[in-house]
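The sequence shown begins at 93 in my numbering and counts up by one.
Here is the structure we will look at, set down as structure tokens.
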Amino acid sequence: MAKLFSSRGLKTTIISTPPFSEPVKTAQDSGFDIGLISIKFPPPKSQLPDHITSLDQVISDDDRLVPMFVEALSLIQEPIEELLRELNPNCLISDMFLPWTAASAAAFRIPRLVFHGTSYFSLCAAEELRRHKPFRNVSSDSSPFVVPNLPHEVRMQVREADGRSYGVVVNSFYELEPDYADHYRNALGRKAWNIGPLLLYNHRDDCKKPAIDARECLAWLDSKKANSVVYACFGSMAKFSLAQLNEIADGLDASGHDFIWVVRKANDDDGQLPTERFEGRGLIIRGWAPQVVILDHPAIGAFVTHCGWNSTLEGVCAGVPMVTWPLFAEQFYNEKLVTEVLRTGVPVGNKKWQRTRHEGVTKDAVSKAVQLAMAGESAPEMRRRAANYKEMARKAVEEGGSSHNDLTAFIQDLSAYRPR
């Protein structure tokens with residue numbers, strides 16, 4: 093986002109912590125006018141262990157640390173406000189986990205924009221849940237109910253609503269979810285600008301070091317036919333039991349399709365997976381993978397995903413159908429968007445939000461969903477629709493495209509902002 097602002101002549105300063113500074117330095121070296129200020133985290137008064145610097149680590153180590161992590165975030169308010177006093181910015185953009193920044197921005201009489209890192213669909217569904225509370229009359233947490241007032245009938249389980257701000261910048265594009273962009277702005281009365289997909293502005297995949305050389309991975313894919321390989325990745329925070337890992341392995345194997353499966357290092361049991369039976373047909377990557385590069389390869393025919401919004405957008409921009417397996421948070425919203433609104437995905441069937449080790453999806457469910465996405469009766473239509481959204485995404489960020497124009501409108505709005 094900062095690179096995008098810089099490309100429009102805006103001076104952006106990122107306040108970060110040392111472990112997350114490397115991508116900013118890379119952008120600076122590439123000529124982007126982006127400032128970087130590092131602050132200590134965890135802060136001195138925090139009870140959080142010093143080695144914990146991200147929510148990913150909290151989930152990996154012990155999710156009982158979450159309250160300490162939230163408290164640590166509140167303790168950086170004072171140093172952030174000292175920086176605001178020094179920098180005198182025109183606006184403050186922060187994510188939903190820093191709600192106190194709304195008060196900080198108000199104190200300095202500047203607008204605070206929130207970046208949720210999710211879709212209009214999720215924002216609309218969460219807000220309608222907060223307003224109407226349709227879950228009050230259901231018999232259990234797993235009972236389905238209709239979320240009222242949305243452009244499509246959507247059945248959901250209970251999820252949390254979003255926060256409030258002057259406005260929202262959304263990593264999405266209008267053509268992907270026009271009904272929900274309009275609903276958020278008009279029916280809910282929120283100021284919002286879609287400026288994505290941000291990944292299309294960034295031609296480098298990531299600054300992280302992959303667990304496999306991209307050339308090795310591409311060479312393996314080059315030996316496969318078009319649309320013949322399944323790519324499975326569940327993000328950096330998924331923790332599966334050994335039993336569930338084996339169900340995934342057996343399901344991918346039983347699908348009859350070649351596959352690439354990314355298993356996060358924190359799954360300590362993954363070393364017990366019988367990988368030898370997958371030789372030639374399955375490539376297992378332990379750690380971080382060059383996901384955008386993999387998804388863009390013509391051999392990829394489907395993407396098994398946890399429905400994190402970044403991964404969902406990467407699937408959209410690659411034009412591949414998805415097998416959806418949400419694990420927690422707004423991932424369940426994103427699944428509904430992909431499978432019921434966009435109709436470019438097949439649900440694997442997980443309905444349960446699990447905070448610890450995820451389990452409960454059978455190999456048969458995995459195999460069936462993969463087969464439907466790859467070669468089912470609806471697969472050609474899903475692939476056609478996915479390809480159309482890929483093209484729409486590309487056009488959205490070009491000059492004159494919907495996201496390009498919304499960014500212009502965003503800059504104009506902030507330029508005209510006068511504190512009340």
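Virtual Cβ for every residue (Gly too), placed ideally from N, Cα, C.
Quantities reported herein were computed from a predicted structural model and do not represent experimental measurements.
From residue i to residue j, what distance separates their C-alpha atoms?
{"i": "GLU339", "j": "VAL453", "result": "7 Å"}
{"i": "MET474", "j": "TYR293", "result": "26 Å"}
{"i": "ILE168", "j": "TRP192", "result": "10 Å"}
{"i": "THR145", "j": "GLY348", "result": "41 Å"}
{"i": "LYS428", "j": "GLN336", "result": "23 Å"}
{"i": "ASN241", "j": "VAL262", "result": "Residue placement at ASN241 is poorly supported in this model, since its pLDDT is 49, which falls under 50; the coordinates still yield a value, given next. Between ASN241 and VAL262, the C-alpha separation is close to 21 Å."}
{"i": "VAL238", "j": "VAL408", "result": "Its pLDDT being 49, under 50, VAL238 is placed unreliably in this model, and the value from its coordinates should be taken loosely. Cα to Cα, VAL238 sits roughly 26 Å from VAL408."}
{"i": "VAL438", "j": "GLY393", "result": "13 Å"}
{"i": "ILE287", "j": "HIS496", "result": "7 Å"}
{"i": "SER99", "j": "THR500", "result": "12 Å"}
{"i": "ALA391", "j": "LYS482", "result": "16 Å"}
{"i": "PRO289", "j": "ILE107", "result": "23 Å"}
{"i": "LEU175", "j": "ARG510", "result": "21 Å"}
{"i": "LYS117", "j": "LEU128", "result": "8 Å"}
{"i": "LEU310", "j": "SER328", "result": "22 Å"}
{"i": "ILE503", "j": "THR104", "result": "13 Å"}
{"i": "GLU173", "j": "ALA195", "result": "10 Å"}
{"i": "HIS244", "j": "ASP271", "result": "The pLDDT assigned to HIS244 is 47, lower than 50, so where the model puts this residue is not dependable, and the model offers no usable value."}
{"i": "ASP274", "j": "MET414", "result": "25 Å"}
{"i": "GLY467", "j": "ASP121", "result": "Reading the sequence as shown, one finds Ala at residue 467 and not Gly. C-alpha separation (whole angstroms): 45 Å."}
{"i": "MET248", "j": "TRP445", "result": "Because the pLDDT at MET248 is just 38, under 50, the model does not fix this residue reliably, and the value given afterwards should be weighed accordingly. For MET248 and TRP445, the distance between alpha carbons rounds to 12 Å."}
{"i": "LEU313", "j": "ILE376", "result": "13 Å"}
{"i": "GLY493", "j": "LYS487", "result": "6 Å"}
{"i": "GLY266", "j": "ARG277", "result": "The question names Gly, yet the displayed sequence has Tyr at residue 266. Distance between the alpha carbons of TYR266 and ARG277 is about 12 Å."}
{"i": "LEU291", "j": "SER166", "result": "30 Å"}
{"i": "ALA479", "j": "ASN319", "result": "12 Å"}
{"i": "PRO203", "j": "GLU308", "result": "47 Å"}
{"i": "ASP297", "j": "MET188", "result": "In this prediction, ASP297 has a pLDDT of 47, which is less than 50 and means its spatial position is unreliable; nothing more can be read from the coordinates."}
{"i": "ARG476", "j": "PHE424", "result": "24 Å"}
{"i": "PRO472", "j": "THR431", "result": "15 Å"}
{"i": "SER315", "j": "SER130", "result": "45 Å"}
Quick one: what does DSSP say residue i is sitting in, helix, strand or coil?
{"i": "ASP305", "result": "coil"}
{"i": "ARG356", "result": "coil"}
{"i": "TYR509", "result": "coil"}
{"i": "PRO141", "result": "coil"}
{"i": "ALA204", "result": "Per the sequence presented here, residue 204 reads as Arg, with Ala not at that position. Of the three classes helix, strand and coil, the one that applies to ARG204 here is strand, per DSSP."}
{"i": "SER459", "result": "helix"}
{"i": "MET329", "result": "coil"}
{"i": "TRP285", "result": "strand"}
{"i": "ASP388", "result": "coil"}
{"i": "VAL260", "result": "strand"}
{"i": "SER186", "result": "strand"}
{"i": "LEU268", "result": "helix"}
{"i": "PRO115", "result": "helix"}
{"i": "LYS444", "result": "coil"}
{"i": "LYS482", "result": "helix"}
{"i": "VAL408", "result": "helix"}
{"i": "LEU280", "result": "coil"}
{"i": "LEU365", "result": "coil"}
{"i": "GLU432", "result": "helix"}
{"i": "ALA421", "result": "coil"}
{"i": "VAL158", "result": "helix"}
{"i": "THR454", "result": "coil"}
{"i": "PRO243", "result": "With a pLDDT of only 48 at PRO243, under 50, the local geometry of the prediction cannot be trusted, and the value read off the model is given with reservation. PRO243 falls in the coil class under three-state DSSP."}
{"i": "VAL150", "result": "helix"}
{"i": "LYS95", "result": "helix"}
{"i": "PRO136", "result": "coil"}
{"i": "SER211", "result": "coil"}
{"i": "GLY493", "result": "coil"}
{"i": "GLU469", "result": "coil"}
{"i": "ILE172", "result": "helix"}
{"i": "LEU102", "result": "coil"}
{"i": "TRP192", "result": "coil"}
Throw me the rounded Cβ distance for the residue i and residue j pair, which I believe falls under 8 Å.
{"i": "ARG378", "j": "VAL355", "result": "5 Å"}
{"i": "ALA461", "j": "VAL440", "result": "4 Å"}
{"i": "SER459", "j": "GLY343", "result": "4 Å"}
{"i": "ILE185", "j": "PHE207", "result": "6 Å"}
{"i": "ASP326", "j": "TRP417", "result": "The sequence shown places Phe at residue 326, not Asp. PHE326 to TRP417, Cβ: 7 Å. Contact."}
{"i": "THR109", "j": "GLU422", "result": "Their Cβ separation, rounded to whole angstroms, is 24 Å, which puts THR109 and GLU422 out of contact at 8 Å."}
{"i": "LEU280", "j": "CYS216", "result": "7 Å"}
{"i": "SER257", "j": "LEU221", "result": "The Cβ separation is near 18 Å, so there is no contact."}
{"i": "ALA284", "j": "GLY259", "result": "6 Å"}
According to DSSP, residue i sits in a beta bridge with which residue or residues?
{"i": "LEU375", "result": "ILE352"}
{"i": "TYR323", "result": "ILE352 and PHE395"}
{"i": "PRO439", "result": "THR416"}
{"i": "ILE129", "result": "ILE107"}
Checking contacts by CB at 9 Å: is residue i closer than that to chain C?
{"i": "GLY348", "result": "Included in the structure is just one protein chain, with no chain C present."}
- Query: Between the stretch 155-162 and the stretch 170-181, do at least 3 Cβ pairs fall closer than 8 Å?
  - Reply: no
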